[in-house]
Amino acid sequence: MSYEPAAQASTDEDDGFAAFAVAAWPRLVRTAQLLTGDFHEAEDLVQTTLVKVYGRWRRVPRDEIDLYVRRALINNNLSRLRRKRVVHLLTPVLPESVRHAHAGHAEAVEQRTALLAALADLPARQRAVMVLRYWEDLGEQEIAAVLNCSIGTVKTHARRGLAALRAHPGLTLPGPPRRPASAPAPSPATPTGARR
């Protein structure tokens, strides 16, 4: 009777989960921090998500792992918000380590803090769409798959989320060009070379 070494057995048992978790941890924490507005809550959210994913790891098709984990992260965050039933406000002071990492870049830190505060003011689903679209760089169809909703719902959340971020008093985002109040509305022009 032969016995496998303990290290070999544990590697076979987790079927690549440990390697996936180590590689995905920084990205998942960054995404979770944008969703929660707090670094420590983000770490807790990712840890809870990975524990749940581990329980189903062998049943998740390998080509759907990222979709499955993102969906689990979003759903766990929504559940967390439902349980708390309170509005999360970001602390106006960044953690000490972040402040030192950006020493001399006060404007960038200020913009990031304003953005995180604006994101925290969005409803949870709009915030999820904003994070998945603009930080995770997912397309509308991928976001719809993660949130288990229609593409139209994703577009609506994206439109409303961008409008809310543009209107947020502490945040300046580029928006559609605005005409001065005294400027006349442009008249429809006939394209060059078009026949009448």
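Going by UniProt numbering, the first residue of the sequence shown is number 1, and it counts up by one from there.
Glycine included, every Cβ here is placed at the ideal spot set by N, Cα and C.
Look at residue i and residue j and say whether their C-beta atoms are less than 8 Å apart.
i: V29; j: A42; result: yes
i: V53; j: Y68; result: yes
i: M130; j: L122; result: yes
i: L115; j: L162; result: no
i: A144; j: L81; result: no
i: L35; j: A128; result: yes
i: V146; j: R70; result: yes
i: W135; j: T31; result: yes
Pull up the distance between the alpha-carbon of residue i and that of residue j, whole angstroms please.
i: A120; j: D14; result: 36 Å
i: G55; j: Q141; result: 27 Å
i: Q126; j: I65; result: 23 Å
i: A24; j: Q111; result: 26 Å
i: D44; j: R160; result: 29 Å
i: T113; j: A19; result: 32 Å
i: R133; j: F17; result: 26 Å
i: S79; j: N148; result: 15 Å
i: P26; j: H40; result: 13 Å
For a test of the three-state rule: what should DSSP assign to residue i, helix, strand or coil?
i: P26; result: helix
i: E136; result: coil
i: D63; result: helix
i: S150; result: coil
i: G55; result: helix
i: D121; result: helix
i: D44; result: helix
i: L171; result: coil
i: D14; result: helix
Buried or exposed for residue i, please, with buried defined as at least 16 other CB atoms from any protein chain shown within 10 angstroms of its CB.
i: A118; result: buried
i: A21; result: buried
i: D38; result: buried
i: I151; result: exposed
i: Q33; result: buried
i: R62; result: exposed
> So, do the segment 71-83 and the segment 164-173 have three or more beta carbon pairs nearer to each other than 8 Å?
Replying inline: no
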